[in-house]
Amino acid sequence: MTEPAAGKDKTLGEHIREVGSPAARLIGFEVPESGDGRAVVTLQAGPQHANPMGTIHGGILCDIADAAMGIAFSTTLEPGETFTTVELKINFLRPVREALLRAEGKVVHRGRTIGYAECDVVDENGKLIAKSTSTCLVLRGDKAAGR
985 MTEPAAGKDK TLGEHIREVG SPAARLIGFE VPESGDGRAV VTLQAGPQHA NPMGTIHGGI
1045 LCDIADAAMG IAFSTTLEPG ETFTTVELKI NFLRPVREAL LRAEGKVVHR GRTIGYAECD
1105 VVDENGKLIA KSTSTCLVLR GDKAAGR
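Structure below.
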């Protein structure tokens, strides 16, 4: 049995909350909120997420930002549509060690073919840790099949 496609009936965020995501389980992030072109991803970052210098690895920060933007974008999809990321950029603004991180993704532009999302990653004190952007390509028909 196949799962319903992400879209207005079931968002990717809802799907992740229901059945989980391999990446979410591996890294340990959660998706407490999603809908209407936005999503929140949280991570209790600890020593298991650190780089050799003891701060949270940039790849972990990038992953939670990418997840927040991707889930936010998925809430804009119509039935039969999927998407893929064509560009991902992140700026690391301050190092962080163990902290409760919150990545809030929001869709800034949703065209027929191209979309653009932004994400702020903050710590539990609201300090800005990283900013990220993503360009997404909407797929339909044969290009969306099996995704």
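Numbered per the working numbering, the sequence shown spans residues 985 to 1131. Just so you know, even glycine gets a beta-carbon here, dropped at the ideal spot from N, CA and C.
Residues bridged to residue i (per DSSP)
{"i": "residue 1067", "result": "1122"}
{"i": "residue 1115", "result": "1075 and 1104"}
From the options, residue whose alpha carbon lies closest to that of residue i
{"i": "residue 1113", "options": "1094, 1048, 1099 and 1127", "result": "1048"}
{"i": "residue 1115", "options": "1052, 1038 and 1035", "result": "1052"}
{"i": "residue 1097", "options": "1104, 1027, 1065 and 1108", "result": "1065"}
{"i": "residue 1027", "options": "1109, 1110 and 1083", "result": "1083"}
{"i": "residue 1079", "options": "1088, 1044 and 1006", "result": "1044"}
{"i": "residue 1029", "options": "1087, 1054, 1124 and 1023", "result": "1087"}
{"i": "residue 1017", "options": "1118, 1081, 1109 and 1058", "result": "1058"}
{"i": "residue 1021", "options": "1035, 1032 and 1089", "result": "1089"}
{"i": "residue 1101", "options": "1108, 1119 and 1085", "result": "1119"}
{"i": "residue 1023", "options": "1099, 1104, 1108 and 1127", "result": "1104"}
Anticipated Cβ contact below 8 Å, residue i with residue j, distance rounded
{"i": "residue 1091", "j": "residue 1056", "result": "5 Å"}
{"i": "residue 1067", "j": "residue 1122", "result": "5 Å"}
{"i": "residue 1019", "j": "residue 1060", "result": "Not confirmed; about 10 Å, so no contact."}
Range covered by the alpha helix (DSSP H) that runs through residue i
{"i": "residue 1007", "result": "1006–1011"}
Exercise. In chain order, which alpha helix (DSSP H) runs of at least 4 residues are fully inside the stretch 1015–1101?
Worked result: 1042–1058
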